[in-house]
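Reading through the structure tokens given below for one structure.
Number of protein chains: 2
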Amino acid sequence: MTTCKHEHEHKTPEQLLTIAQQICDQRGRRFTKLREHVFTLVAKSNSPIKAYDLLDQLRPEFGSPKPPTVYRALDFLSGLGLVHRVEALNAYIACDHSLGGHIAEFFICEKCENLEERSANDHIDCVPEGFEIRRSVIEHYGICKNCAA
Amino acid sequence: MTTCKHEHEHKTPEQLLTIAQQICDQRGRRFTKLREHVFTLVAKSNSPIKAYDLLDQLRPEFGSPKPPTVYRALDFLSGLGLVHRVEALNAYIACDHSLGGHIAEFFICEKCENLEERSANDHIDCVPEGFEIRRSVIEHYGICKNCAA
DNA sequence: ATACAAAATCTTATGTTATAACGCCGCATA
DNA sequence: TATGCGGCGTTATAACATAAGATTTTGTAT
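Chains R and L, in that order, are what the protein sequence lines are. The numbering of the first sequence is this note's numbering, which starts it at 388 and goes up by one. The numbering of the second sequence is this note's numbering, which starts it at 388 and goes up by one.
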């Protein structure tokens with residue numbers, strides 16, 4: 388286990404939104420007002436955000452949305468790789484596209500709830516023979532540098 | 388990413404039960420009938436089993452148990468490292484103690500639902516500086532050798 | 001044996017996360 | 001202008017999990 392020395396810039400919500408729109412265009416899918424709004428809420432959140440918190444935040448501009456509304460938007464966005472679901476938190480974050488095509492790997496501070504995204508590309512070293520990986524969930528929970536101090 | 392050549396024996400439910408009892412004894416905790424029964428059900432299941440399925444299977448010998456009954460038993464067992472929770476499935480498996488102290492890593496076939504447990508000990512290679520990992524969730528989903536055929 | 005404290009369990013109620021099913025509307029295209 | 005589909009609203013319910021308090025069981029000291 389080695390520490391990573393790279394610099395990891397964080398994109399602004401505005402930059403993420405621009406990228407998201409481009410990706411959506413390229414795929415010929417529609418980036419509707421609702422989807423844009425949900426994406427923006429996720430991108431602006433400092434830590435992984437929950438579906439029902441998104442629901443709350445959609446009100447009242449978007450009326451009184453019901454769960455399927457936000458889950459459909461999240462499904463759409465994650466299908467395009469624009470957001471990731473953090474499995475052990477039941478929560479969602481905007482994908483950091485700095486990392487290129489990658490297997491997402493998360494480091495989540497249990498104190499400040501901050502999340503760092505990394506790429507896990509090449510370090511899975513003990514795959515059962517003949518097993519074809521389609522999707523991986525890699526999440527590390529602990530204490531970040533700031534909170535340790 | 389490399390394929391693993393080790394042989395991985397699977398213990399029988401009976402062997403797992405014996406080990407579980409020993410571990411429980413060592414820690415001076417009580418392996419009650421309820422806990423034993425829950426553990427046995429998890430150990431006998433071929434794939435990760437869900438809390439409410441456990442509830443169903445406890446009936447009628449254990450009366451009409453309610454959710455807290457099974458969640459308490461699962462908490463106890465996972466606290467001792469006797470079972471693991473599979474986050475992306477909301478399901479539970481018996482720990483395979485062949486691997487020794489380890490970070491559990493799972494390979495789950497989406498067709499047959501079979502699960503292989505491995506040790507992920509040494510291949511986390513890009514930890515943010517100063518981040519102290521307390522717990523990791525590593526789950527790979529895909530198609531196993533048998534189902535690919 | 002008996003009393004006590006702690007651990008384990010049961011019960012009720014509720015909180016949280018997610019989806020099924022159906023219908024409507026607006027837009028692209030033929 | 002018909003028609004087909006994507007997107008979204010709405011109702012209802014499924015699935016997963018925990019809070020809080022009463023009660024029982026168990027180990028320990030007397």
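Virtual Cβ for every residue (Gly too), placed ideally from N, Cα, C.
Between residue i and the rest of its own chain, which residues show a CB-CB distance below 8 Å, the 5 nearest in sequence each way excluded?
{"i": "L428(L)", "result": "I436, L441, Q444, L445"}
{"i": "C534(L)", "result": "C496, K498, C499"}
{"i": "S465(L)", "result": "H471, R472, Y479"}
{"i": "F463(L)", "result": "R416, R422"}
Alpha carbons only, please: which of the options is nearest the one belonging to residue i?
{"i": "C513(R)", "options": "H527(L), P515(L), V470(L)", "result": "H527(L)"}
{"i": "P454(R)", "options": "L469(R), V425(R), G468(R)", "result": "V425(R)"}
{"i": "R505(R)", "options": "G529(R), A460(R), I525(R)", "result": "I525(R)"}
{"i": "A475(R)", "options": "D462(R), F493(R), I520(R)", "result": "F493(R)"}
{"i": "K532(R)", "options": "D412(L), E396(L), P515(L)", "result": "P515(L)"}
{"i": "H397(L)", "options": "I511(L), A536(L), D483(L), G517(L)", "result": "D483(L)"}
{"i": "G517(R)", "options": "G517(L), A536(L), I511(L), A507(L)", "result": "A536(L)"}
Could you tell me how far apart the beta carbons of residue i and residue j are, in whole angstroms, since I believe they sit closer than 8 Å?
{"i": "I410(L)", "j": "L467(L)", "result": "6 Å"}
{"i": "L404(L)", "j": "A438(L)", "result": "The pair is not a contact, with the Cβ atoms about 20 Å apart (cut-off 8 Å)."}
{"i": "G529(R)", "j": "R521(L)", "result": "4 Å"}
Leaving out the 5 sequence neighbours to the left and right, which residues in its chain are closer than 6 Å to residue i when beta-carbon positions are compared?
{"i": "S523(R)", "result": "I490"}
{"i": "G415(L)", "result": "none"}
Kindly indicate which three-state DSSP category residue i falls into: helix, strand or coil?
{"i": "R422(R)", "result": "helix"}
{"i": "C496(R)", "result": "strand"}
{"i": "H527(R)", "result": "strand"}
{"i": "L461(L)", "result": "helix"}
{"i": "S451(L)", "result": "coil"}
{"i": "L467(L)", "result": "coil"}
{"i": "E396(L)", "result": "coil"}
{"i": "I406(L)", "result": "helix"}
{"i": "S563(R)", "result": "What the structure shows of chain R is the stretch from 388 to 536, and residue 563(R) is not part of that stretch, so it cannot be assessed."}
{"i": "G504(R)", "result": "It should be pointed out that residue 504(R) corresponds to Glu in this sequence rather than to Gly. Three-state DSSP puts E504(R) in a strand."}
Skipping 5 residues on each side, what residues in its chain have a beta carbon closer than 7 Å to that of residue i?
{"i": "I480(R)", "result": "V429, P435, V470, H471, V473, L502"}
{"i": "S432(R)", "result": "none"}
{"i": "D562(L)", "result": "This structure cannot speak to residue 562(L), because chain L is shown only from 388 to 536."}
{"i": "I406(R)", "result": "H484"}
{"i": "N477(L)", "result": "K437"}
Does the region 437 to 444 of chain L come close enough to the region 403 to 422 of chain L to have 3 or more Cβ pairs within less than 8 Å?
-> The answer is no - the region 403 to 422 of chain L does not touch the region 437 to 444 of chain L, with fewer than three Cβ pairs under 8 Å.
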